[in-house]
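Heads up: the structure comes next, in structure tokens.
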Amino acid sequence: MAYPSPNDQIPVFFEDTSVAFASKSDAKLRKTYWLFSLMNQARVVNLGTFFIKLALKLNLPIKNLIRVTIFEQFCGGETINDCDATIASLRQSGIGTILDYSVEGEDKEASFDATTAEILKTIDKAAGSDTIPFSVFKVTGVASSDLLEKVQRKDELSEAESAAYERARERVQRLCAHAHERNVRIFIDAEESWIQGVIDDLAYEMMQQFNRERPIVYNTYQLYRHETLEALKNAFLTARQKGYYLGSKLVRGAYMEKERLRAREQEYFNPIHTSKEATDTDYNLAIDFCLDRLEHISICLGTHNEYSSQYCALKMQKLGIPRNDDRIWFAQLLGMSDNISYNLAKAGYNVAKYVPYGPIDAVLPYLIRRAEENTSIAGQSSREFLLVKSELKRRGIGSL
């Protein structure tokens, strides 16, 4: 893995806040500044999330407050049609949308069927738009997490459990088949290690069916796990042997503390890398592996890491790969890392934003994670807060 040298011509710069926040008016930028300044304080975030959960449980009227603050920053709306304004705004900057129905915590068959129906709508919406390049779903949105864990452990299933798992598999099949029929690429998101094995099996089963002519189904690879790089390489070999394209979304990972805690409690080997440097190295090696095999692999870099984004752009430049090659995409979450998304898009790369949507109380777990990600660590300000502060200064306007 060759790191950029001082002699390399850097293809894109992420420090240009004038590009990153061009779509925001002064008033919206000030609002963003105050929101991130609050999220930059761990005590405020902890107290805020506690009282929000309590207020919703007691049916207190705080949804409008949530809607015009954190929900507006990180979500497209409560319904799929609510997202139209966000889709249009992103389109003006050359950025695509990935509609992400982010309802969590449901664990009933009726909920799984309702989620499946909603994801089918996102596929149809993508098929009718030239700015929605992917759909996405989590297997735990259409299947019981506890059941998936039993399947991965190879526990004996009851007759009812076997039937439930077959229904779950049929939902995954229905989503991928519909995506194939509508020619819409679809991500299967990664989840915890104790269910990721069965998710991988489902993803590869779907790839074998639907990725014969082109990559439709993408599996997600969490490079903060020490075995994932090897798993990616093995998946490529299997795809070549069985004659289908590999769709790969590369992420670092989102369940670090949960993974470490469970490994400690249950006394098994922690699957997470022991250092961030090891994760970064594997992530960039995964970029190398995929870009060197683009004839048979399509990739999406789901990352907020500036270095890895720059690393991929530079590698593409060295290999003579056009910036807009449709086999390579970059993706970030709505409301975060706009300096990466907007500068990449302006430079001509394929970029999309994950745009979560759903009822406010149902997407609250997602919103809380976003607030916690932007909380200062050891007194350091979050990257997002500093970028917004820099743009306010560049515009010569105050935060009031």
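Its first residue numbered 1, the sequence shown is counted upward by one per residue in full-length UniProt numbering.
Quick reminder that beta carbons are idealized off the backbone N, C-alpha and C, glycines included.
Which partner residues of residue i appear in the DSSP bridge assignment?
i: Val217; result: Ile186
i: Ala331; result: Gly302, Ala352
i: Arg225; result: Ile272
i: Ser135; result: Leu99, Ile186
i: Gly77; result: Tyr357
How is the beta strand (DSSP E) around residue i delimited, first residue to last?
i: Met100; result: Correcting the residue type first, residue 100 is Asp in the shown sequence and not Met. It spans 96-101 - the beta strand (DSSP E) in which Asp100 sits, taken as one unbroken run.
i: Ile297; result: 297-302
i: Gly247; result: 246-251
Would you kindly work out how many angstroms separate the C-alpha atoms of residue i and residue j, rounded to a whole number?
i: Lys150; j: Glu161; result: 9 Å
i: Ala127; j: Leu35; result: 35 Å
i: Gly253; j: Ala22; result: 30 Å
i: Ser382; j: Leu229; result: 29 Å
i: Lys154; j: Leu237; result: 25 Å
i: Val184; j: Thr17; result: 33 Å
i: Asp189; j: Phe14; result: 27 Å
i: Leu364; j: Thr140; result: 17 Å
i: Leu261; j: Lys242; result: 38 Å
i: Arg395; j: Gly335; result: 20 Å
i: Cys75; j: Val12; result: 27 Å
i: Phe289; j: Asn64; result: 47 Å
i: Asp165; j: Leu148; result: Sequence check: residue 165 is Tyr here, not Asp. Those two C-alpha atoms are separated by around 8 Å.
i: Ile397; j: Lys57; result: 40 Å
i: Tyr268; j: Arg212; result: 38 Å
i: Gly320; j: Asp113; result: 45 Å
i: Ala168; j: Ala143; result: 5 Å
Provide the residue span of the alpha helix (DSSP H) that contains residue i, from first to last.
i: Phe21; result: Here Phe21 belongs to no alpha helix (DSSP H), and DSSP marks it neither H nor E.
i: Ala347; result: Neither: Ala347 is in no alpha helix (DSSP H) and is coded neither H nor E.
i: Asp201; result: 193-210
i: Arg67; result: Here Arg67 belongs to no alpha helix (DSSP H), and DSSP marks it neither H nor E.
i: Asn46; result: 42-57
i: Ser144; result: Taken as a continuous stretch (DSSP letters only), Ser144 belongs to no alpha helix (DSSP H), as it is neither H nor E.
i: Val388; result: 383-395
i: Ser89; result: 84-92
i: Lys121; result: 109-127
i: Lys258; result: 256-266
State buried or exposed for residue i, treating a residue as buried only when at least 16 other CB atoms are found within 10 Å of its CB.
i: residue 404; result: With the chain represented from 1 up to 400, any question about residue 404 goes unanswered, as that position is not in the structure.
i: Ala163; result: exposed
i: Lys249; result: buried
i: Gly379; result: Here the model assigns Gly379 a pLDDT of 46, short of 50, so the residue's position is not dependable, and the following value carries that caveat. Result: exposed.
i: Tyr255; result: buried
i: Cys276; result: Looking at the sequence provided, one finds Lys at residue 276 rather than Cys. The residue is exposed, with fewer than 16 neighbouring Cβ atoms inside 10 Å.
i: Ser25; result: exposed
i: Asn284; result: buried
i: Lys315; result: buried
i: Phe385; result: buried
Counting Cβ pairs closer than 8 Å, one from the segment 304-319 and one from the segment 270-286, do we hit at least three? yes
Cβ pair count under 8 Å reaching 3, the segment 325-335 against the segment 283-298: yes
Across the segment 337-347 and the segment 37-52, are there enough close Cβ pairs to call them in contact, namely three or more that are closer than 8 Å? no
Contact the segment 344-359 vs the segment 24-43: 3+ CB pairs below 8 Å: no
Is it a yes or a no for the segment 359-371 touching the segment 81-92, going by three-plus beta-carbon pairs under 8 Å? no
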